[in-house]
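Trainee: Quick one: the structure is below, and I'll ask about it shortly.
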Amino acid sequence: MERITSPESANLGKLCESLAANAQHAGDQWPEAQLAMCGDAGVYEWFLPTEFGGQAWSEADIVKGYLRLSASCLTTTFVITQRMGACKRIAASSNRTLAETLLPDLMSGKTFATVGISHLTTSRRHLAKPVLQASEVEGGFLLDGFSPWVTGATAADMLVLGASLDDGREVLLAADAKSNGVQIEPPPRLVALTGSQTGQVRLNQVFVPDERVIDGPIANVMQGSRGAMSGGLQTSTLAVGVASAALDFLRTEAEKRTDLQEPAQQFAIEYQKLEFDLLQAASGIESCSSQDLRTRANSLVLRLSQAALTAAKGAGFVEGHPAGRWCREALFFLVWSCPQPVLNANLCQLASMAT
Ligand SMILES: Cc1cc2nc3c(=O)[nH]c(=O)nc-3n(C[C@H](O)[C@H](O)[C@H](O)COP(=O)(O)OP(=O)(O)OC[C@H]3O[C@@H](n4cnc5c(N)ncnc54)[C@H](O)[C@@H]3O)c2cc1C
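So the sequence shown is numbered by this note's numbering: it starts at -10 and just counts up by one.
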């Protein structure tokens, strides 16, 4: 496939058709062929600066691209976010040698990197002791503990990991997934996105040399990780992408069923407003905060996927129908990289309390 160089490219439409045709399968099995297809189409280039062979798309174009991809296949798109999360952190590092050494193979798709960082942001934050500890030793760091959530770890060559030191500082490192002491646990079956092969990685006295330090050790290393937003707009974008797939289904059904027309219209208005605000935010025009966007995106994807299932009736409840899959996928946004204020807002909405 020819490389996709803008979100308006006709090739993006062709890629999305192929992804959508295999979305059910990708939800269950590691989407190797889909990821290779995205690599061939230049998708990984969108996110990185030109000096590393990237196309340096604007934030708004990335949002448009992600909306199309996630409407077609959430599992493949989610894996791409984790892969690019690792690549962007390496590219943004002040350690230029590391970026120059690792990025060419990561960009060409020869190697695969993923992230295990949520224990510094949204996972295990209530525990007194950090789950992944780093200690400074001659020439590098020793890692001990575990990273609770690592997407695609079974396929990874490189793990971008966050770890905490005894003095409270944190460090971000690129660890070789084949290092001595790294144990990739078999990924569990999930409510959705099982194909993302997300599971725990255990680390027992794993040595990572200084040359593999991406950032730190400093306080709050995730805030200092330049050019590599954690959460940010991408989680909302993927939720809105899944919502758009459900909306398309509802509108198509409404063409032949008058009872569906009014709710489909209402959802379309809400969807358009949210997509507009998302693109405004991506263009740097803040009409609402990223947390507000995330809360609205979560709410919309949950309601729209269930509206699609309602319209599909029993047929939508049979395995293989996309409406049932969208409902399960929508639940993912309640737990993925969800900051506490968004979590609270979601709970208030579920309890029908004013936020
Ligand atoms: C499919 C999937 C893929 C993911 N992929 C990645 C990835 O590639 N990389 C990455 O870094 N992260 C990833 N994540 C992590 C994600 O972004 C969130 O960090 C994670 O979902 C948070 O859930 P948790 O169970 O770890 O939260 P925790 O806050 O650790 O909660 C775990 C349990 O602790 C208890 N608990 C929670 N809070 C409290 C409290 N205040 N007091 C007492 N008990 C409490 C509850 O019983 C809860 O079930 C992924 C998550 C999922 C589900």
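Glycine included, each C-beta is placed from N, C-alpha and C at the ideal position.
Using a 10 Å radius around the Cβ and a threshold of 16 neighbouring Cβ atoms, would you call residue 212 buried or exposed?
Mentor: Exposed, because fewer than 16 other Cβ atoms sit within 10 Å of the Cβ of residue 212.
Trainee: According to DSSP, simplified to helix, strand and coil, what is residue 150?
Mentor: Three-state DSSP puts residue 150 in a strand.
Trainee: Using the Cβ count rule (16 or more neighbours within 10 Å means buried), how would you classify residue 303?
Mentor: Exposed, because fewer than 16 other Cβ atoms sit within 10 Å of the Cβ of residue 303.
Trainee: Leaving out the 5 sequence neighbours to the left and right, which residues in its chain are closer than 6 Å to residue 234 when beta-carbon positions are compared?
Mentor: Only 60 meet the Cβ criterion.
Trainee: My output table needs one value for residue 123: the three-state DSSP class, helix, strand or coil.
Mentor: The answer is strand: DSSP assigns residue 123 an E or B state.
Trainee: Could you check whether the region 64 to 84 touches the region 222 to 233, counting it as contact only if at least three pairs of C-beta atoms, one from each stretch, sit closer than 8 Å?
Mentor: A contact exists between the region 64 to 84 and the region 222 to 233.
Trainee: Quickly, what does DSSP pair residue 191 with across the bridge? List them, please.
Mentor: DSSP lists 135, 172 as partners of residue 191.
Trainee: Is residue 180 helix, strand or coil when you go by DSSP?
Mentor: Residue 180 falls in the coil class under three-state DSSP.
Trainee: Report the residue from 89, 121, 108 whose alpha carbon sits nearest the alpha carbon of residue 171.
Mentor: Measuring from the Cα of residue 171, the nearest candidate turns out to be 121.
Trainee: For residue 101, count neighbouring Cβ atoms within 10 angstroms of its own Cβ and tell me buried if that reaches 16, exposed if not.
Mentor: Classification for residue 101: buried.
Trainee: Quick one, are the C-beta atoms of residue 195 and residue 263 less than 8 Å apart?
Mentor: Cβ atoms of residue 195 and residue 263: not closer than 8 Å.
Trainee: So residue 32 and residue 75 are supposed to be a Cβ contact under 8 Å. How far apart are they, rounded?
Mentor: Residue 32 to residue 75, Cβ: 15 Å. No contact.
Trainee: Which same chain residues end up closer than 6 Å to residue 238 when comparing Cβ atoms and leaving out the 5 residues on each side of it in sequence?
Mentor: 297.
Trainee: Hey, would you say the C-beta of residue 113 is under 7 Å away from at least one heavy atom of ligand 3?
Mentor: This structure lacks ligand 3; its bound ligands are ligand 1.
Trainee: Kindly confirm or deny that the region 86 to 102 and the region 45 to 53 touch, where touching means at least three C-beta pairs closer than 8 Å.
Mentor: Contact between the region 86 to 102 and the region 45 to 53 is absent, because fewer than three Cβ pairs lie under 8 Å.
Trainee: What distance in whole Å lies between the Cβ atoms of residue 290 and residue 322, which are believed to be in contact at a cut-off of 8 Å?
Mentor: Correct: roughly 6 Å between the Cβ atoms.
Trainee: Can you give me the start and stop residues for the beta strand (DSSP E) that residue 159 sits inside?
Mentor: 159 to 165 is the span of the beta strand (DSSP E), which, as asked, contains residue 159.
Trainee: Should residue 177 be counted as a contact of ligand 1 given a C-beta to heavy atom distance under 7 Å?
Mentor: No, the Cβ of residue 177 stays beyond 7 Å of every heavy atom of ligand 1.
Trainee: Per DSSP, which residues does residue 102 bridge with? Please list them.
Mentor: DSSP lists 147 as partners of residue 102.
Trainee: Hey, residue 184 and residue 175: beta-carbon distance below 8 Å or not?
Mentor: Against a cut-off of 8 Å, the Cβ pair of residue 175 and residue 184 comes out as no contact.
Trainee: Between residue 250 and the rest of its own chain, which residues show a CB-CB distance below 6 Å, the 5 nearest in sequence each way excluded?
Mentor: Same-chain partners within the cutoff: 243.
Trainee: Once you ignore the five residues that flank residue -10 on each side, which residues in its own chain have a CB closer than 8 Å to its CB?
Mentor: 0, 3, 4, 26, 29, 30.
Trainee: For residue -8 versus residue 87, is the C-beta spacing smaller than 8 Å?
Mentor: No. Outside cutoff.
Trainee: At a cut-off of 7 Å, would you count residue 324 as near ligand 1, judging by its Cβ distance to the nearest heavy atom?
Mentor: Answer for residue 324: yes, Cβ within range of ligand 1.
Trainee: Classify residue 203 as helix, strand or coil using the three-state DSSP reduction.
Mentor: Of the three classes helix, strand and coil, the one that applies to residue 203 here is strand, per DSSP.
Trainee: Nearest CA to the CA of residue 134: which residue from 341, 190, 326?
Mentor: Taking only the C-alpha atoms, the option nearest residue 134 is 190.
Trainee: Using only CA atoms, which one of 164, -3, 8, 56 lies nearest to residue 23?
Mentor: Nearest of 164, -3, 8, 56 to residue 23, Cα basis: 8.
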